[in-house]
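All remarks here apply to the structure that follows.
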Amino acid sequence: MISAGIDVGAKNVKVVLLRDGEVVSRSFETIGLNTQAAIDGAFAAALRQIGAGRGEISKITATGAGRKEVKFADGELTEVGASAKGVHHLFSSACTAIDVGAEEGRAIKVDEKGKVLDFAVNEKCAAGAGAFTEAMARALEVGVEKMGELSLKSRTAVPMNAQCAVFAESEVVSLIHAKTPKEDIARAVHDAIADRIVSMARRIGIEKDVVVVGGLAKNAGFIDSIKRTLATDVLVPQYPEYAAALGAALHAATPTGGQ
Amino acid sequence: MKETFKELYDSRHEYAREWKKKTGGKVMGYFCTYVPEEILYAAAILPVRILGSHEPQDLTEPHIFGMFCPFCRDCLAQGLKGKYDYLDGIMIAQSCLHIRQAYTSWEMHIPVQYSYYLCAPHHVQSPRAVPFLAGELQDFKKSLEGWLGRKITEADLDTGIGIMNKNRTLLRRLYELRKQSQCPVTGLEAMYAVVSSQLTDKTEHSLILEEVLKTLEGSKSERPAGNRLMLIGSENDDTQFVKMVESLGATFVVDDHCTGSRYIWEDVPAGGDRLAAIAQRYIKRVPCPTKDWPLRNRLPHILRLARDYKVEGVILLQQKFCDPHELDTPAIKKMLEENGIPTLFLELDVTVPVGQFKVRVEAFLEMFQSEVLF
């Protein structure tokens, strides 16, 4: 029996296929102007990886901001519920899940069964989300995938006030003009995001183990900032951007079958 | 019939203009529910609560500090736009500084015949609060008589009290229906019913209410209530928000805010000095957080409501920068959660971010279904 989880985020579609509880396929596609094409493309790619046809998928659960766009889904789950479920499956010791995507950062408190106890989501501010790193990488003229390793080279903390992504960019520009080393600016960016996310997570209360997922969790510099801000170690799965899609796929595999 | 309340709410300005034409009477705009409308009805004045429009505006920046609450700015903006050009007077009873600023600014920049600041005491828990307010009401009555050029008699006061008590009693009967497992009234309908009573002639409003109650009492609703929620906040005529939540398989079965139960929960007692009785009602009413100290008397009241109406979860809706409510929120949240009632805190500006809020409300509602999912 194969079940599918499709996470339609603000920027990317992530698909996870599960066969008897084991992940057999992961695929990913960036949403351009056509969400539908990206969903179809990512789903087809996931099927291709295991040489399966659409008919072999028993149940599909959609999640993410654009989950209503998955017209062929059997059921849906909010990104909070899906992320909690995915995180709990990856680390059963997880009490706090921090999920940072392109445009949304979430902190979720989960119980020992993976049930959501409380949550907080960033609002009206992009400074606590992945899109912010991308904008700052552009200002620094480095690839977004280089931001992590660049910031890890920094030995100096530069305070930056990231209450607003637009004003933060002007702060970065000032730092560039002041000839601040790029690695220090990269670290300042990650520290600022970590500050925003951690202060949001404190609203729900942070308990160990803390698991960080979402696309931004692939950025080692950000993870380093989170650890320093929390003054504790955090767990990061191998494929953090697929946590919510995994949660959705697990939901699809339950006896109620994705409904 | 229930739709009438929404129609009244939507056409509040046309209604007031029409009322003036019909009766030749005066209309008083008021800023806070601590204003004793009994005395206005006694004087045959139509009290109309000044509310915002929930639309962004750019007029109030020179008059009100940007970190004052969106509600006070939205109210003032309506005046500056000329939406309330039919008002003969405006008044406020002291509650919070933000709304007082809207009143003061209105007084300065928008011409009205009459304006009155009523000093409603903050320390309502003091044994001297009732006589103090009764004295202030005496002054207010005198001022009103000076403006109108006629006396307000004891019999007039009884008429005013009667109109207000009757309307509140009927609205409480509407609330009573919401205790049922299949409530025949949605949170949105109840909100329209209460808010429209703040905008229209209550004698007329009561007639409509009686008709509505006649059809609803004893009838069964087809609509399942789903998750039973309570809404707590300040001034919350955010109908768009209530509608969105109730489209997700939930129902607001009760509330604690001043466009809801806080406005209707108590009546003016019978007998004795009429102004003292009115004072008694406003001092002993379910308090606004600006007046609920040193004891937090609202907490046991909220818990009682939650139990009486079998509430499963509470949404705390907060106007950005509303300090009095911000101060109470942690205590309310703690008390409810200790009693096994989960809460969701949402903060809003002048517009409702429906998309963002929907995500959170859906996740909140999902928490109630987790037993099945996990």
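Read top to bottom, the protein sequences are chains A and B. Here the working numbering is used: the first sequence runs in plain steps of one and ends on residue 259. Here the working numbering is used: the second sequence runs in plain steps of one and ends on residue 374. Ideal placement from N, C-alpha and C gives every residue a C-beta, glycine not left out. Here the structure is a predicted model, which is why all the values come from computation and not from measurement.
Unbroken beta strand (DSSP E) runs of no fewer than 3 residues, entirely contained in the stretch 36 to 84 of chain A, are found at 57 to 63, following chain order. The alpha carbon of A:Thr133 has as its nearest neighbour, out of A:Ala107, A:Asn122, A:Val172, the alpha carbon of A:Val172. Within the same chain, Glu189, Val212 come within 7 Å of B:Lys2 by CB-CB distance, once the 5 residues on both sides are set aside. Note on B:Asp292: 16 or more other CB atoms within 10 angstroms of its CB, so buried under the neighbour-count rule. Here B:His109 is exposed, its C-beta having fewer than 16 other C-beta atoms within 10 Å. Beta-bridge annotation (DSSP): A:Asp118 is paired with A:Lys109.
Proximity of the stretch 71 to 80 of chain B to the stretch 100 to 120 of chain B meets the contact definition, three or more beta-carbon pairs being nearer than 8 Å.
Shown here, B:Asp88 sits in coil according to DSSP, grouped into three states, outside any helix or strand. Here B:Ala277 has Val268, Pro269 as same chain residues with Cβ atoms under 6 Å from its own Cβ, once five neighbours each way along the sequence are excluded. When rounded, the separation of the alpha-carbon atoms in A:Ile226 and A:Asp118 is 20 Å. Checking the DSSP bridge columns, you'll see A:Asn34 has no partner listed.
Annotation: the continuous alpha helix (DSSP H) that includes B:Tyr263 extends over 261 to 264. For A:Phe119, the neighbours in chain B by C-beta distance under 7 Å run, in chain order, Ala363.
Comparing alpha-carbon positions, the option among B:Pro36, B:Glu347, B:Leu174, B:Met91 lying closest to B:Asp238 turns out to be B:Glu347.
The three-state secondary structure of B:Pro330, taken from DSSP, is helix. A residue is called buried once 16 or more other Cβ atoms fall within 10 Å of its Cβ, and B:Asn227 is buried on that count.
Considering only B:Val194, B:Gly52, B:Val130, the residue with the shortest C-alpha distance to B:Lys81 is B:Gly52.
For B:Gly24, there is no enclosing beta strand (DSSP E), since its DSSP letter is neither H nor E.
Take B:Ile302, set aside five residues on each side of it, and the residues of its chain with a beta-carbon closer than 6 Å to its own are Asp256, in chain order. Contact between the stretch 31 to 49 of chain B and the stretch 151 to 169 of chain B is established, with three or more Cβ pairs separated by less than 8 Å. The beta carbon of A:Ser92 is closer than 7 Å to none in its chain, skipping five residues each way along the sequence. Only residues of its own chain outside the window of five on either side were considered, and among them Leu199 have a CB closer than 6 Å to the CB of B:Arg12, listed in chain order. Under DSSP, A:Phe28 forms a beta bridge with A:Lys14. Contact annotation for B:Arg360 against chain A: Val121 [CB-CB distance below 7 Å, chain order]. Of A:Glu207, A:Val142, A:Arg203, the smallest CA-CA separation from A:Ile176 is found for A:Val142.
A:Val8 is not a Cβ neighbour of A:Ala94, given a cutoff of 8 Å.
Distances from the alpha-carbon of A:Val110 to those of A:Ala37, A:Pro237, A:Ile206, A:Gly51 put A:Ile206 closest. Scanning B:His123, B:Ile45, B:Gly340, B:Thr215 for the CA closest to the CA of B:Leu177 turns up B:Thr215.
For A:Phe43 and B:His54, the gap between their C-alpha atoms comes out near 41 Å. A:Ala37 and A:Ala73 have their C-alpha atoms spaced approximately 15 Å apart. Taking C-beta atoms as the reference points, B:Gly89 and B:Gln113 count as a pair closer than 8 Å. Interface flag for B:Met367 against chain A is set, since a Cβ pair is found closer than 8 Å. Taking a Cβ-Cβ cut-off of 8 Å, the neighbours of A:Val116 in chain B comprise Ala363, Glu366, Met367, Ser370, given in sequence order. Listed in chain order, the positions of the stretch 70 to 81 of chain A with a beta carbon within less than 8 Å of a beta carbon of chain B are Leu77, Thr78, Glu79, Val80, Gly81.
Apart from sequence neighbours up to five positions away, the residues of its chain that approach B:Tyr84 with a beta-carbon distance below 7 Å are Gly29, Ile50, Gln78, ordered along the chain.
Separation of the CB atoms of B:Gln318 and B:Glu312 is rounded to 20 Å, and the pair is thereby denied contact status at 8 Å.
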